[in-house]
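Visitor:
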Amino acid sequence: MNIIIMGPPGAGKGTQAEKMTKDFALLHISTGDIFRNAVKEGTEMGKKAKEYMDKGLLVPDEIVVGIVKERLSRPDSKEGLLLDGFPRTVEQAEALDKVMQELELKINAVISVDVNEEELISRLTARRVCRNCGANFNLKYNPPKVRNICDHCSGELYHRDDDTIDTVKERLDIYNKQTLPMIEYYRQKNLYFSVDGAQQINQVYAAIKAYLEKLKNK
Ligand code: AP5
Ligand code: MG
Numbered sequence: 037m038n039i040i041i042m043g044p045p046g047a048g049k050g051t052q053a054e055k056m057t058k059d060f061a062l063l064h065i066s067t068g069d070i071f072r073n074a075v076k077e078g079t080e081m082g083k084k085a086k087e088y089m090d091k092g093l094l095v096p097d098e099i100v101v102g103i104v105k106e107r108l109s110r111p112d113s114k115e116g117l118l119l120d121g122f123p124r125t126v127e128q129a130e131a132l133d134k135v136m137q138e139l140e141l142k143i144n145a146v147i148s149v150d151v152n153e154e155e156l157i158s159r160l161t162a163r164r165v166c167r168n169c170g171a172n173f174n175l176k177y178n179p180p181k182v183r184n185i186c187d188h189c190s191g192e193l194y195h196r197d198d199d200t201i202d203t204v205k206e207r208l209d210i211y212n213k214q215t216l217p218m219i220e221y222y223r224q225k226n227l228y229f230s231v232d233g234a235q236q237i238n239q240v241y242a243a244i245k246a247y248l249e250k251l252k253n254k
């Protein structure tokens with residue numbers, strides 16, 4: 037199965053992806069994580085991407101499409117994919133279709149996690165991420181057992197540079213303008229499935245899991 041998970045910043049894409057990859061043996065490809073790793077490693081691409089990310093803007097298509105294309109061309113991409121944060125525009129969705137066709141792969145479903153803006157702002161300003169393993173926590177809804185320490189690997193937790201209130205608002209604006217039109221693209225292809233992301237983490241996952249089980253047995 038090749039799945040896309042989409043939704044506004046803070047909807048819980050990464051949180052749900054962690055669970056989905058375990059239960060359905062999917063390879064998690066998050067363009068946001070790829071960029072953050074490149075920033076950490078100080079590569080040229082990372083420096084370029086950071087200029088956009090810090091402002092809450094989308095990284096230009098020529099960078100992001102190239103990265104995804106390279107990643108999908110590796111042999112481990114044949115076993116089942118979970119694309120998180122890509123595509124984010126109709127143009128990226130069209131570019132993905134082309135790449136998938138070249139690789140003789142196809143998208144089976146697009147899961148959209150939907151949450152209202154007030155809740156998204158509240159989640160992102162309280163999010164903490166592990167510097168070491170990337171696990172997600174939330175000071176309000178999903179706190180670590182020990183303050184600032186990852187439950188899984190004891191790594192240090194940090195607050196993402198783009199999780200300040202002004203940047204979050206810009207990211208939401210960009211989502212509404214540039215990503216929402218993509219829904220119609222996938223609706224027309226009969227691939228779109230929306231889930232209420234305002235429920236508790238396990239309830240959101242129960243809905244996604246039931247949908248994927250059905251899809252798998254089709
Ligand atoms: P990216 O890293 O993809 O960020 P995003 O889309 O803004 O989404 P987030 O990662 O912030 O949120 P999430 O939905 O994963 O939520 P999470 O599970 O962490 O992209 C970052 C930047 O990279 C972009 O702005 C852009 O610049 C660039 N970029 C990336 N892809 C690109 C592309 N394709 N094209 C161009 N540029 C691109 O959850 C959030 C918090 O809420 C956590 O604390 C979590 O614990 C908590 N939480 C989760 N679910 C629940 C729940 N149900 N109830 C309560 N709390 C919850
Ligand atoms: Mg994420």
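All the letters of the sequence shown, read from the start, carry residue numbers 37 to 254 under our numbering.
By construction, the Cβ of each residue, glycine as well, lies at the ideal position given by its N, Cα and C atoms.
Between MET37 and ASN168, which are expected to be in contact by the criterion C-beta below 8 Å, what is the C-beta distance as a whole number of angstroms?
Guide: Actually they do not touch by this definition, with Cβ atoms about 29 Å apart.
Visitor: Report yes if the CB atom of ILE219 is closer than 9 Å to the CB atom of GLN52, and no otherwise.
Guide: No, Cβ-Cβ distance for ILE219 and GLN52 is not below 9 Å.
Visitor: Quick check: does the Cβ of ASP263 come within less than 8 Å of any heavy atom belonging to the ligand MG?
Guide: With the chain covering only 37 through 254, there is no way to say anything about residue 263.
Visitor: Hey, out of TYR241, TYR221, ILE157, whose CA is closest to ILE201's CA?
Guide: Nearest C-alpha to ILE201: ILE157.
Visitor: Does the beta-carbon of ASP232 have 16 or more other beta-carbons within 10 angstroms, so that it is buried, or is it exposed?
Guide: Classification of ASP232: exposed, given that the 10 Å Cβ count is below 16.
Visitor: Exposed or buried, which one is LEU108 when buried takes at least 16 other CB atoms within 10 Å?
Guide: By the 10 Å Cβ count, LEU108 comes out buried.
Visitor: Assuming HIS195 and ARG159 are in contact, meaning their beta carbons sit under 8 Å apart, how far apart are those beta carbons, in whole angstroms?
Guide: Actually they do not touch by this definition, with Cβ atoms about 12 Å apart.
Visitor: On the CB-based measure, 16 or more other CB atoms within 10 Å of its CB, does PRO179 come out buried or exposed?
Guide: Looking at its Cβ environment, which holds fewer than 16 other Cβ atoms inside 10 Å, PRO179 is exposed.
Visitor: Could you tell me if ASN212 is buried or exposed, where buried requires 16 or more neighbouring beta carbons within 10 angstroms of its beta carbon?
Guide: With fewer than 16 Cβ atoms within 10 Å of its Cβ, ASN212 is classed as exposed.
Visitor: Between the Cα of GLY46 and those of VAL149, TYR241, GLY191, ASN253, spot the shortest distance and give me the residue it belongs to.
Guide: The candidate whose alpha carbon is nearest that of GLY46 is VAL149.
Visitor: By the DSSP assignment, the beta strand (DSSP E) with ARG196 in it spans what residues?
Guide: Neither: ARG196 is in no beta strand (DSSP E) and is coded neither H nor E.
Visitor: Count the other C-beta atoms from every protein chain shown that fall within 10 angstroms of the C-beta of LEU216, then say buried if there are 16 or more, exposed otherwise.
Guide: Exposed.
Visitor: Measuring alpha carbon to alpha carbon, tell me which of LYS142, MET89, LEU118 ends up nearest ILE210.
Guide: Nearest option by C-alpha distance: MET89.
Visitor: Might you give, ordered along the chain, the residues of its own chain that have their beta carbon closer than 8 Å to the beta carbon of LEU141, omitting 5 neighbours on each side?
Guide: Hits under 8 Å: ASN38, LEU108, SER113, LYS114, LEU117.
Visitor: Helix, strand or coil for ALA242 per DSSP?
Guide: Note: ALA242 maps to helix in three-state DSSP.
Visitor: Alpha carbon to alpha carbon, how far is GLY82 from ARG72? Give it in angstroms, no decimals.
Guide: Their Cα atoms are separated by approximately 7 Å.
Visitor: Nearest-angstrom Cα distance between VAL104 and ILE185?
Guide: So the two alpha carbons sit approximately 31 Å from each other.
Visitor: Determine the burial state of GLN128: buried for a count of at least 16 other Cβ atoms within 10 Å of its Cβ, exposed for fewer.
Guide: Buried, by the Cβ-count rule.
Visitor: So within the stretch 115 to 154, which uninterrupted beta strand (DSSP E) runs reach at least 3 residues, ignoring any that extend past its ends?
Guide: Segments of the beta strand (DSSP E) lying fully in the stretch 115 to 154: 117 to 120, 145 to 150.
Visitor: LYS68 and ASP120: beta carbons closer than 9 Å?
Guide: A small fix is needed here, since residue 68 is Gly in this sequence, not Lys. Yes. Within cutoff.
Visitor: Which residues bound the alpha helix (DSSP H) around ASN73?
Guide: Here the alpha helix (DSSP H) through ASN73 covers 67 to 77.
Visitor: Give a single yes or no on whether ASN184 has its beta carbon closer than 8 Å to a heavy atom of the ligand AP5.
Guide: No - the ligand AP5 has no heavy atom lying nearer than 8 Å to the Cβ of ASN184.
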